[in-house]
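Remarks on the structure that follows.
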Amino acid sequence: MSNNPSAAGGPATQAQRSAPIGRAAGVAFEQVVVTFADGTTALKGLDLEIGHGEFVVLVGPSGCGKSTALRALAGLQTVSAGAIRIGGHDVTDLDPQERDVAMVFQNYALYPHKNVYDNLAYPLRVRGASSADIDRQVRQTAELLALTPFLQRKPHALSGGQRQRVAMGRALVRKPSAFLMDEPLSNLDAALRVEMRSEILALHRRIGVSTVYVTHDQVEAMTMGDRVAVMRAGVLQQFDTPKTLYERPRNIFVAAFIGSPSINLAFAEVHGGGGLISAGQTIPLARAGKVAKAGQKVVLGVRPEAFAYEQDAEHDIALKVMPLHVEFMGSEVLLHFGLNPKQDAEQALLSAVTEEESILAKVDGVAVGKPMVARLDTRCPAVAGRECTLWASSRTTQLFDAESGATL
Amino acid sequence: MTEFRLTAPRRRVRWIRRVGVVAQVAGATLATLLFIAPILWMISTALKTGNQAFSATPQILVAPTFENFTHVFTASAFGSALTVSAFAATVSTLLALVIGAGVAYPLARRPGAVQQQVAFWILSLRILPPIVIIIPLFLLFRSVGLTGTVWSLIILYTFMNLPLTIWLLRGFFADLPVEIEEAAYVDGASKLRTFLDVTLPLTLPGAISTGLLAFIFAWNEFLFANVLTGASTRTAPVALTEFVNPVSIEWNNIMSAGTLVVLPVWIFALAVQRYLVRGMTMGAVK
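These protein sequence lines map, in sequence, to chains A and B. Going from the first sequence to the numbering used here is simple: count from 1 and add 754. Going from the second sequence to the numbering used here is simple: count from 1 and add 11.
So, in structure tokens, the structure goes:
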């Protein structure tokens, strides 16, 4: 089963945090199944355990079930089978208002008829807090989020970033057991998104409440999560620290989903000597012989940053490549190339563009055989159309089964 | 010279634009007069004596007299008819709104093929011409002993208005993003509390416009009121016919009573004007 959370990369970061304020509680999904009225199954037995005070990101392509999982946790989505626990208590059959979770919605879902003060005060009001308590906590939260000057404004008179803050504040104001965030930054422009990212992390460090954050943006997932759960089609693919996901993905899907530019994938065959043969050239990768049988079809995965244009201790595998074009990015160049050096430049370009479909094949839904990308030093002398040698790192090179896509 | 050449066509453009504005204003004024003229004529006739109202040469400006209004209230049962009308229209409108909201909300929140069918079936009730069912209804109400009472009208108006209120409210509820309600649930509010704190205030403009339309229908309804009410439960539109008798048509009294019928609706509409505009544009401007 690919949906078992990996034991590696547990909530180790918890120890590094400052003492959590409030009643931080862990969250657990136990074999949770969600089937919609139309028969589609959005979650197929999700198992996920989130530690106290941990910041966990659910990430995956659209339709992978990440938002459904969050809504199930909030109580907004009925669970067909399995159980959900918050702080050790089974909340599967509880209504949202009984779960003591707070949620930030993608479109903020502020109450448009209430001003910022009343928006922030609402969760406290429905709990019957005294007006003195409400006032103190609302002002404290507004201070924390720099919303004090806007307390009397209605949401429509606020900017996108301010609305986002109010939504955060409404969740923060009552110290919930868990924080749920459903793509809270997707409506903001790029610059503000980066700013809010670190702001959310800083808030989380301060409050220390277990947080489940849903996004489709793998960069957001990697930069924010203590641990990241990669999902696809309702099944958890891997649940690990960003570093483990990047370096030791469990399968080809996770490898391709994490990282930008995406990992380079090429078909290869294991030969008797323990190396690989890919696109007509022999690749001396000793590890290949250990994880796979001679003659077995595999997929070779090389991260764009695992290439160098000169040999050194780390970059020890020579690859003859045909550069297609060179993108100058300022601090680095992105070299797009084909792995088959026998093709002349024109052919390579043609195969990259017009015949792309024919040279592609999918392994576990991931396209293999696309032109590769290397992230290289700007001193790289490569020129489009002239064959050259690139050096790949054998240490970080990954191998996947060409049938199942599982990591070898 | 060059400057003159440059500004001359511009001046012409400005002049044409000005004529355009004048034409627009004139057109709008004309249209307004067209719609408002019968009402103005009604009010002016209401302020005339019987002879002035019957004069073959129409008199537009006369010394106004209020004796028609006094007559309408003292010499006829029009005052009580207004009360009956107000009672029937208000109660039936409130009932249609409350029941309608109860039906419209689930229809809006659980969209699906079945809900579409139900909604269309509800609307189709409105297509039926009332005259077709007037005799069965009369027999029905007589068999339960409700003929001649205001309750028969309240029941009838409520159900006549339900398709309208359900359809309009369904649209207003559907326009309200469900996340706002979900936010309230997660914030700790119960379903009822969410409806009262969040859904209702946000759909109030829509509910008020809907209520006004339902009220006008019930207030002006003549056919059922004429058949189902007795002498003591006559509504205002029915009472108006009393000024037409075999001897004469009392135009001045009809017009003053008519003014009294129009007045409450007019005042109500003015009072909720702010909501009306918002309710009508709520779907467009989020």
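Backbone N, C-alpha and C fix where the C-beta goes; we use that ideal spot for every residue, glycine too.
Inset, instruction - Report back the beta-carbon spacing between T112 (chain B) and W262 (chain B) to the nearest angstrom; my notes put them in contact at under 8 Å. - result: If you number the second sequence from 1, residue 112 (chain B) lands on position 101. If you number the second sequence from 1, residue 262 (chain B) lands on position 251. Looking at the sequence provided, one finds Ala at residue 112 (chain B) rather than Thr. Rounded, the Cβ-Cβ distance is 43 Å, inconsistent with contact.
Legend entry - Residue-chain proximity (V129 (chain B), chain A), Cβ-Cβ < 9 Å: What you label residue 129 (chain B) is simply residue 118 of the second sequence in a count that begins at 1. Closer than 9 Å: no.
Inset, instruction - Using a Cβ-Cβ cut-off of 9 Å, state whether R853 (chain A) counts as contacting chain B. - result: Counted from its first residue, the first sequence places residue 853 (chain A) at position 99. For R853 (chain A), the answer is yes, since a Cβ of chain B falls inside 9 Å of its Cβ.
Inset, instruction - May I ask you to report which of helix, strand or coil DSSP gives P1077 (chain A)? - result: Within the first sequence, numbered from 1, the residue matching residue 1077 (chain A) stands at position 323. It is a strand residue.
Inset, instruction - Look at the Cβ atom of V966 (chain A), then the Cβ atom of I838 (chain A), and state whether they are nearer than 9 Å. - result: Translated into the one-based positions of the first sequence, residue 966 (chain A) becomes position 212. Translated into the one-based positions of the first sequence, residue 838 (chain A) becomes position 84. No, Cβ-Cβ distance for V966 (chain A) and I838 (chain A) is not below 9 Å.
Legend entry - Beta-carbon proximity check, M1234 (chain A) vs V1056 (chain A), cutoff 9 Å: In the structure as shown, chain A starts at 755 and stops at 1162, and residue 1234 (chain A) therefore has no counterpart that could be examined.
Legend entry - Chain-ordered chain A contacts of S201 (chain B) [CB-CB under 9 Å]: In the second sequence, residue 201 (chain B) corresponds to position 190, counting from 1. Near S201 (chain B) (Cβ distances below 9 Å), the residues of chain A are D849, Q851, V880.
Inset, instruction - Quickly, what does DSSP pair D1155 (chain A) with across the bridge? List them, please. - result: Counting from one through the first sequence, the residue named residue 1155 (chain A) turns up at place 401. When DSSP reads this structure, D1155 (chain A) sits in a beta bridge with A:V1052.
Legend entry - C1134 (chain A) - partner residues in DSSP beta bridges: Position 380 of the first sequence holds residue 1134 (chain A). DSSP, once it has assigned bridges, lists no residue as partnering C1134 (chain A).
Inset, instruction - Closer than 7 Å by beta-carbon distance: list the chain A residues that pair up with I191 (chain B), in chain order. - result: For this step, residue 191 (chain B) is matched to residue 180 along the second sequence. What I191 (chain B) touches in chain A: A863, Y865.
Inset, instruction - Could you tell me if L824 (chain A) is buried or exposed, where buried requires 16 or more neighbouring beta carbons within 10 angstroms of its beta carbon? - result: Numbered from 1 along the first sequence, position 70 holds the residue referred to as residue 824 (chain A). Buried: at least 16 other Cβ atoms inside 10 Å.
Inset, instruction - Could you tell me if N62 (chain B) is buried or exposed, where buried requires 16 or more neighbouring beta carbons within 10 angstroms of its beta carbon? - result: In the second sequence, residue 62 (chain B) corresponds to position 51, counting from 1. Burial call: exposed.
Inset, instruction - Would you tell me roughly how many angstroms separate the C-alpha atoms of A1146 (chain A) and V810 (chain A), rounded to the nearest one? - result: To locate residue 1146 (chain A), count along the first sequence from 1; it is residue 392. To locate residue 810 (chain A), count along the first sequence from 1; it is residue 56. Each residue's CA atom was taken as its position, placing A1146 (chain A) and V810 (chain A) some 33 Å apart.
Inset, instruction - Could you pull out every residue in the same chain whose Cβ sits closer than 6 Å to the Cβ of A88 (chain B), ignoring the five residues on either side in sequence? - result: Residue 88 (chain B) sits at position 77 when you count from the first residue of the second sequence. For A88 (chain B), same chain residues with a beta-carbon under 6 Å away, outside a window of 5 residues either side, do not exist.
Legend entry - Backbone CA spacing between T1132 (chain A) and S1016 (chain A) [nearest angstrom]: For the purposes of this step, residue 1132 (chain A) is identified with residue 378 of the first sequence, where counting begins at 1. For the purposes of this step, residue 1016 (chain A) is identified with residue 262 of the first sequence, where counting begins at 1. Between T1132 (chain A) and S1016 (chain A), the C-alpha separation is close to 20 Å.
Legend entry - Three-state secondary structure assigned by DSSP to S1147 (chain A): As a working note, residue 1147 (chain A) is residue 393 in the first sequence. Residue state, collapsed to three classes: strand.
Inset, instruction - Compute the Euclidean distance between the alpha carbons of F1021 (chain A) and G1013 (chain A), then round it to the nearest angstrom. - result: What you label residue 1021 (chain A) is simply residue 267 of the first sequence in a count that begins at 1. What you label residue 1013 (chain A) is simply residue 259 of the first sequence in a count that begins at 1. Looking at the two C-alpha atoms, the distance is approximately 20 Å.
Inset, instruction - Drop a sphere of 10 angstroms on the beta-carbon of F1154 (chain A), count the other beta-carbons inside from all chains shown, and report buried for 16 or more, exposed for fewer. - result: Translated into the one-based positions of the first sequence, residue 1154 (chain A) becomes position 400. F1154 (chain A) should be labelled buried.
Legend entry - Residues within the stretch 209-224 of chain B neighbouring chain A, beta-carbon criterion of under 8 Å: For the stretch 209-224 of chain B, which is checked against every Cβ of chain A, the residues closer than 8 Å are V209, P212, L213.
Legend entry - Spatial neighbours of P850 (chain A) in its chain, beta-carbon cut-off 8 Å, leaving aside the 5 residues before and after: Mapped onto the first sequence, residue 850 (chain A) falls at position 96. Setting aside the 5 residues that flank it on each side, P850 (chain A) is surrounded in the same chain by A828, G829, L830, each with a C-beta closer than 8 Å to its C-beta; the list follows chain order.
Legend entry - I961 (chain A) versus Q894 (chain A) - alpha carbon distance: Start at 1 with the first residue of the first sequence, and residue 961 (chain A) comes out as number 207. Start at 1 with the first residue of the first sequence, and residue 894 (chain A) comes out as number 140. So the alpha carbons of these two residues sit roughly 13 Å apart.
Inset, instruction - Give every residue of the same chain whose Cβ lies closer than 8 Å to the Cβ of D1066 (chain A), excluding the five residues on either side of it in the sequence, and list them in chain order. - result: For the purposes of this step, residue 1066 (chain A) is identified with residue 312 of the first sequence, where counting begins at 1. Around D1066 (chain A): W1145.
Legend entry - Interface partners of D186 (chain B) on chain A, CB under 8 Å: Residue numbering aside, residue 186 (chain B) sits at position 175 when the second sequence is read from its first letter. In chain order: nothing, as chain A lies at least about 12 Å away.
Inset, instruction - Give the interface partners of F876 (chain A) over in chain B, defined as CB-CB distance under 7 Å, in chain order. - result: Looking up residue 876 (chain A) in the first sequence gives position 122. The question names Phe, yet the displayed sequence has Tyr at residue 876 (chain A). Ordered by position in chain B, the residues that pass the 7 Å Cβ test against Y876 (chain A) are D198.
Inset, instruction - Give me the Cα-Cα distance between L864 (chain A) and F254 (chain B), rounded to the nearest whole angstrom. - result: Within the first sequence, residue 864 (chain A) is the residue found at index 110, counting from 1. Within the second sequence, residue 254 (chain B) is the residue found at index 243, counting from 1. Taking the straight line from one Cα to the other gives about 57 Å.
Legend entry - Top-ranked residue by Cα proximity to G780 (chain A), from A:D844, A:C818, A:A1072: If you number the first sequence from 1, residue 780 (chain A) lands on position 26. Answer by Cα proximity: A:D844.
Legend entry - C-alpha gap between V984 (chain A) and A956 (chain A), whole angstroms: Translated into positions along the first sequence, residue 984 (chain A) becomes position 230. Translated into positions along the first sequence, residue 956 (chain A) becomes position 202. If I take the Cα positions, the gap works out to 23 Å.
Legend entry - For K798 (chain A): DSSP bridge partner residues: Along the first sequence, read from residue 1 onward, the residue named residue 798 (chain A) stands at position 44. Paired residue(s): A:V787.
Inset, instruction - Within the stretch 944-990 of chain A, note down every full beta strand (DSSP E) run reaching 3 residues or more, in order along the chain. - result: For the stretch 944-990 of chain A, whole beta strand (DSSP E) runs of length 3 or above, ordered along the chain, are 964-969, 981-986.
Inset, instruction - Please decide whether G123 (chain B) counts as near chain A, where near means a Cβ-Cβ distance under 9 Å. - result: Looking up residue 123 (chain B) in the second sequence gives position 112. Output row for G123 (chain B): interface = yes.
Inset, instruction - Closer than 8 Å, Cβ to Cβ, to anything on chain B: give me those residues from the stretch 825-838 of chain A, in chain order. - result: Contact annotation: in the stretch 825-838 of chain A, residues whose CB is within less than 8 Å of a CB in chain B are A828, G829, L830.
Legend entry - Contacts that F790 (chain A) makes with chain D (C-beta to C-beta distance below 9 Å): Within the model displayed, chain D is absent; protein chains A and B are what it includes.
Legend entry - Which listed residue (A:A826, A:S821, A:R924) has its alpha carbon closest to that of V870 (chain A): Position 116 of the first sequence, counting from 1, holds the residue named residue 870 (chain A). Ranked by Cα distance from V870 (chain A), the first of A:A826, A:S821, A:R924 is A:R924.
Inset, instruction - Taking A99 (chain B) as the reference, give the member of B:R120, B:I133, B:Q126, B:T160 with the closest Cα. - result: Along the second sequence, read from residue 1 onward, the residue named residue 99 (chain B) stands at position 88. Looking at the Cα atoms, B:T160 is the closest of the given residues.
Inset, instruction - Would you check if there are 3 or more beta carbon pairs closer than 8 Å linking the stretch 149-169 of chain B to the stretch 886-893 of chain A? - result: Cβ pair count under 8 Å is below three, so no.
Inset, instruction - Identify the contact partners of R924 (chain A) in chain B, using a Cβ-Cβ distance below 8 Å as the criterion. - result: In the first sequence, the residue the question calls residue 924 (chain A) occupies position 170. Within chain B, the residues near R924 (chain A) are A194, D198.
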